[in-house]
Structure formats: C-alpha cells, structure tokens
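Engineer:
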Amino acid sequence: MCLGGAPALAKSKPAAKDAGAASESPADAPADSHGKADSHGKKGAGKKNGHDAAAKPELLGSFGDWNAFSVQGKTCYALGSPKERQPKAKLKDSQAYVFISTRPGEGVKNEVAVNLGYPTKDNGSAVADVDGDTFDLVTKGNNAWVKNTAKEKEFVETLKSGSKLVVKASSAKGSATTDTYSLKGLSEALTRVQQECK
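Structure representation (structure tokens):
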C-alpha cells in the first residue's frame, strides 16, 4: 500500500479537538488543525511558474501494512488502508484510511483521524475495536476521531500492540459499514514518524 500523501483535513473536528474532515484524497497535502492550508501544505512562500508549489510528502518507509511519511519535517504521519470493506458493493468507489499524525510545531503527537470515505452525520457515533478493546468515535464530514480525547493516547497504544482494527460507522443516509485494518507494522511506522518529527 502506498497512498502517497497526507489527507487534507479541511473542516473542523467536532467537540473538544478542532481538526478537520478529510474531503480530499490522501495524495493532497495536510491542512492545519483548524482546517486551513498552512505551511505544512505549501513549500515556503515561494511560487513556481506563478503558482504556489504544494509540498510533496516524502515516504520515510513501508512497515508491514503501514507507511510513514513526512512533509518538510513539520508534519509526519503513519497511514494505513483497510484490508476489507463491507458492504463491498456500496464502498467499491470510496477510499478509506487511518491517519496518525504528529505536528511538533503545534504540540500534536499521534493524533488519530479515520477517513471513512463517505459522508457521515455530524457528531454521529462510530466504534473502533482493536482485538476486543472498543473506543467510541465521533464523526463529522467523512472523518471520525476518538470521542474522548483523554483516551487518544490509550487508543494509540492499543493500536500499536494490536493485530486488527475494525471500524464500524454509518453513512449520513444510515447505511452501516465495517472497515477492517491490519495493524502489522503500525508500531514501527509510528516509531519512524517520531524519529523524523521531534
């Protein structure tokens, strides 16, 4: 799996945390936690041929089913895609992924965003199950985040030691979906992310 880049987190995150709903593909540069493109998504203030040159993510390495990326050393992230999506017929044209980012300049470490690949109800509920340990998620736009931000660190540690993540959510129209991720290589990918973005 090589998705090639960070998702743009373009809308406001619900509740206590404020980051965005990924409305663009993983090949797009990230936005800041307030949903505006910032220096993480652009190369300096310079222009190339009259256009702003978007910073391209650098692949730091592939680790099992996860990849680690860096954007100018200011944003680093681990990215994984589901191994299985249900129902297949309804999800065949959408792309989902889990994005765990670190932005030292903003004091952010291991922030988890799940792009579901379809619109959800704002402030809706979803569930992440890691080998039987469940965590409540809150949805907005196409994304889901850990509902209780105080549990995010525990969630990441559970992901790092787990073997399988199952995310269950519903679309804005009420269709239930299940995405299953392998966690093979996630711990190593996050270690590489932390080495790059200190």
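Going by full-length UniProt numbering, the sequence shown opens with residue 1, and the numbers climb by one from there. For each residue, glycine too, the CB sits at the ideal point set by N, CA and C.
Can you tell me the Cα-Cα spacing of Asn67 and Leu60, whole angstroms?
Structural biologist: Whole-angstrom Cα-Cα distance: 8 Å.
Engineer: For Leu186, does the count of other Cβ atoms within 10 angstroms reach 16, so buried, or fall short, so exposed?
Structural biologist: Its Cβ being crowded by 16 or more others within 10 Å, Leu186 is buried.
Engineer: According to DSSP, is Gln72 part of a helix, a strand, or is it coil?
Structural biologist: In this structure, Gln72 counts as coil in the three-state DSSP scheme.
Engineer: I'd like to confirm the pairing. Which residues does DSSP put opposite Phe155 in its beta bridges?
Structural biologist: According to DSSP, which records beta bridges pairwise, Phe155 is partnered with nothing at all.
Engineer: List the endpoints of the continuous alpha helix (DSSP H) containing Thr191.
Structural biologist: Note, Thr191: alpha helix (DSSP H), 186-196.
Engineer: In terms of DSSP beta bridges, what is Gly132 paired with?
Structural biologist: Gly132 is not bridged to any residue.
Engineer: Tell whether a beta-carbon distance below 8 Å holds between Phe99 and Ala89.
Structural biologist: For Phe99 and Ala89, no; Cβs fall outside 8 Å.
Engineer: Between the stretch 175-193 and the stretch 135-142, can you find at least three pairs of beta-carbon atoms closer than 8 Å?
Structural biologist: No, the stretch 135-142 is not in contact with the stretch 175-193.
Engineer: Write down the C-beta distance between Pro104 and Lys184 rounded to the nearest angstrom, noting that I regard them as a contact closer than 8 Å.
Structural biologist: At roughly 27 Å, the Cβ-Cβ gap does not stay under 8 Å, so Pro104 and Lys184 are not in contact.
Engineer: Looking at the strands, I want to know which residues DSSP matches up with Gly80.
Structural biologist: Bridge partners of Gly80: Trp66, Val98.
Engineer: With a threshold of 6 Å on Cβ separation, who are the neighbours of Phe63 within its own chain once the five nearest residues in sequence on each side are excluded?
Structural biologist: Result list for Phe63: Gly185, Glu188, Ala189, in chain order.
Engineer: Let me know the secondary structure DSSP gives Ser161 once reduced to three states.
Structural biologist: Here Ser161 sits in helix by DSSP.
Engineer: Within 8 Å of any Cβ in chain C, is that where the Cβ of Gly73 sits?
Structural biologist: Of the chains in the structure shown, none is chain C; there is only one protein chain.
Engineer: Given a cut-off of 8 Å on the beta-carbon distance, is the pair Ser171 and Thr177 in contact?
Structural biologist: Yes, the Cβ-Cβ distance between Ser171 and Thr177 is below 8 Å.
Engineer: Taking the Cβ atom as the reference point for each residue, do Val130 and Leu159 lie within a distance shorter than 8 Å?
Structural biologist: Result yes, Cβ atoms of Val130 and Leu159 sit closer than 8 Å.
Engineer: Helix, strand or coil for Leu137? Go by DSSP, reduced to three states.
Structural biologist: Leu137: strand per DSSP, three-state reduction.
Engineer: Flag this pair as touching only if the stretch 65-85 and the stretch 139-150 have three or more C-beta atom pairs under 8 Å; answer yes or no.
Structural biologist: At 8 Å Cβ cutoff, the stretches do not touch.
Engineer: Would you mind giving the Cβ-Cβ distance between Glu196 and Ser70, rounded to the nearest angstrom? I have them listed as a contact below 8 Å.
Structural biologist: Sure, about 5 Å apart at Cβ, within 8 Å.
Engineer: For Ser94 versus Gly117, is the C-beta spacing smaller than 8 Å?
Structural biologist: Yes, Cβ-Cβ distance for Ser94 and Gly117 is below 8 Å.
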